[in-house]
Amino acid sequence: MGKALIFFLFFIFLNPLNLIAEPTAIKIVDFRVHALYRATKLTWKVKGDFKNPIPLQIMRADTFAEGPYKEVAVITLTPGKDSYEYIDKSLGAESTYHYKLVLKETRESFGPLSTRPYFSPPAT
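If you read the sequence shown in our numbering, its first letter stands for residue 6, the second for the next number, and so on.
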């Protein structure tokens, strides 16, 4: 019992030194999905302070907003950068696509947002 108490106190006193991981204090804001010709453009901004790069999953459901969702890409959020975009060109058939952004560290998700890309060539 004494060793457990010493171990507990050790981590309590070291916590101010940030040796215990703290939850990510960032938020995704202005998440938008734009329809393009045979593609979708996702844009978003990041608010909050973080010191290390954070992986963000871009998830897509091809039919229903409820899912199932599959990972399309992983983007690294970088300290000091607040605006991001991704163009998804891996679309199959003409359909409505649903997107979520998921912070890999916390599994916190943002979305879903839906769009229906253009599959006919633009008029000339």
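Heads up, the beta-carbon is just placed ideally off N, CA and C, and yes, glycines get one too.
Selection from the options that minimises the alpha carbon distance to residue i
| i | options | result |
| --- | --- | --- |
| residue 82 | 118, 30, 42 and 57 | 57 |
| residue 96 | 34, 66, 113 and 107 | 66 |
| residue 49 | 69, 78 and 90 | 90 |
| residue 92 | 114, 112 and 77 | 77 |
| residue 125 | 111, 114, 84 and 99 | 99 |
| residue 53 | 40, 111 and 87 | 87 |
Sub-8 Å separation of residue i and residue j beta-carbons
| i | j | result |
| --- | --- | --- |
| residue 109 | residue 60 | yes |
| residue 94 | residue 44 | yes |
| residue 38 | residue 101 | no |
| residue 123 | residue 63 | no |
| residue 80 | residue 51 | no |
| residue 55 | residue 116 | no |
| residue 106 | residue 33 | yes |
Span of the beta strand (DSSP E), counted from its first residue to its last, around residue i
| i | result |
| --- | --- |
| residue 129 | From DSSP, residue 129 is part of no beta strand (DSSP E); its letter is neither H nor E. |
Could you name each continuous beta strand (DSSP E) segment of 3 residues or more that falls completely within the region 26-80, going from the start of the chain to the end? 31-41, 44-53 and 59-66
Scan the region 86-119 and note each continuous beta strand (DSSP E) run of 3 residues or more that stays entirely inside, going in chain order. 88-93 and 102-108
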